[in-house]
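Data first, discussion second: the structure below is written as structure tokens.
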Amino acid sequence: MNDVKIAIIGGSGIYEIEGIKILKESKIKTPFGLPSDKIRIGELEGVNIAFIPRHAVGHKIMPSEVNSRANIFALKKIGVEKIISISACGSLKEEIKPRDFVIPDQLFDRTKSRPSTFFGEGIVAHVGFAEPYCPQLRKILIETAKSLSIPVHAGGTYICMEGPQFSTKAESKVYRSMGFSVIGMTNLPEAKLAREAEICFATVSLTTDYDVWKEGEEVSAEKVMANMKVLTTNVKKLVKSVIMKLQGERNCSCKDALKYAIMTSPEAMNPKTKKKISLLIEKYI
Ligand SMILES: [Zn+2]
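With the first letter of the sequence shown counted as 1, position 129 gets the number 128 in numbering that gives the first Met the number 0; the numbers rise by one all the way through.
Next up, the structure:
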């Protein structure tokens, strides 16, 4: 089987991708532990893709417990260069309606207790994260969603909270006043780790509700479920249709993110750490 260069990380409600012909299910070990679940490698529209359900099949892992380092490292190990991350979100703007897609271009970190780097323990690196999402992937996702007549917002800021509880009204109103677009619990540290692993990364945010800021629009589980159903149908359509367009070579800067980021001189590196993350750094040392 050829290399697998494209991966999907599925969020709440996305535990499989319809139409994938599964070729292999692999339990991939990493120096950071095991990924959320077995990685399913298969073929969709004639293209090899990998799929991980972020919360595991059966939804057993809460956002703070997701081992993003293992998920991203395992994908790097099998050769993945592009990740589409799917994430259910609440809307913080009137014009982003439940059932809309948002392809954010910015991120704001409100997580508190998640390991968010592959580095440390004797090797220091500072990757650029001013543009947290891959512009090339974002563009393809936006164009494809539009061509399928799926309501989509081209840009916006995703604020990632720790959870697992949802926001208070006070918090939700503050985030809104800061101009953020959607709120979710899982895009970080995923996006940071993908950048450190030099993998292109973009998110499809599925808007399930208006969070809790909107008076007279109380969130009911029933409504959210109905919205989720429409969103998962649409996102599966999007994935199926976008996959062919993701095969080209990369022209973005994601692939060279570590080029000038590693600060530690090779001779000063902790040999154990050097070995542990050699998959990420070997081409630079
Ligand atoms: Zn990229």
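All residues carry an ideal CB built from backbone N, CA and C; glycine is no exception. Everything numeric in this text was worked out from a predicted model, so none of it was measured.
Taking 7 Å as the threshold (C-beta atoms), are residue 87 and residue 11 in contact?
Yes.
Within a Cβ cutoff of 7 Å, which residues of the same chain sit near residue 290, ignoring the five residues on either side of it in sequence?
Since the first residue of the chain shown is 0 and the last is 284, residue 290 is not available in this structure.
Given a cut-off of 7 Å, decide if residue 101 and residue 181 are closer than it, judged by their beta-carbon atoms.
Closer than 7 Å, so yes.
From residue 56 to residue 14, what distance separates their C-alpha atoms?
So the two alpha carbons sit approximately 6 Å from each other.
Run through the DSSP bridge pairs and tell me what residue 81 is partnered with.
Looking at the DSSP assignment, residue 81 forms a beta bridge with 5, 199.
Quick test of the definition: if touching needs 3 or more C-beta pairs under 8 Å, does the region 111-124 touch the region 208-219?
In short, these stretches do not touch, since the Cβ pair count stays below three.
Just to confirm my understanding: we take residue 162, look at its own chain, exclude 5 residues before and 5 after, and list those with CB closer than 6 Å. What are they?
Cβ neighbours of residue 162 beyond the five flanking positions: 62, 184.
Tell me whether residue 135, by its Cβ, gets closer than 6 Å to a heavy atom of ligand 1.
Checking every heavy atom of ligand 1 against the Cβ of residue 135, one is found closer than 6 Å.
Could you name the residues of the same chain whose beta carbon sits closer than 8 Å to that of residue 287, not counting the 5 residues immediately before and after it, in chain order?
Residue 287 is absent from the structure shown; the chain starts at 0 and stops at 284.
Return the residue from the list 213, 110, 225, 76 that minimises the CA-CA distance to residue 276.
Looking at the Cα atoms, 76 is the closest of the given residues.
To the nearest angstrom, report how far apart residue 78 and residue 108 are at their CA atoms.
Answer to the nearest angstrom: the Cα atoms are 28 Å apart.
Helix, strand or coil for residue 123? Go by DSSP, reduced to three states.
Coil at residue 123, not helix or strand.
Give the range of the beta strand (DSSP E) segment to which residue 49 is assigned.
Counting along the chain, the beta strand (DSSP E) containing residue 49 begins and ends at 46-52.
Can you tell me where the alpha helix (DSSP H) with residue 174 in it begins and where it stops?
168-176 is the span of the alpha helix (DSSP H), which, as asked, contains residue 174.
Quick check: the region 146-165 against the region 260-276, are at least 3 beta-carbon pairs closer than 8 Å?
No: fewer than three Cβ pairs fall under 8 Å.
Is the beta carbon of residue 368 sitting closer than 7 Å to the one on residue 133?
Coverage of the chain is limited to positions 0 through 284, which leaves residue 368 absent and any answer about it impossible.
Taking the alpha helix (DSSP H) that residue 224 falls in, what are its first and last residues?
Its alpha helix (DSSP H) spans residues 220-241.
Whole angstroms are fine: how far does the CA of residue 227 sit from the CA of residue 143?
Going by the C-alpha atoms only, they are around 20 Å apart.
Should residue 250 go down as buried or exposed, given a rule of 16 or more other Cβ atoms within 10 Å for buried?
With fewer than 16 Cβ atoms within 10 Å of its Cβ, residue 250 is classed as exposed.
Quick check on DSSP: helix, strand or coil for residue 283?
Helix at residue 283.
Three-state secondary structure (DSSP) at residue 214?
DSSP places residue 214 in coil when its eight states are reduced to three.
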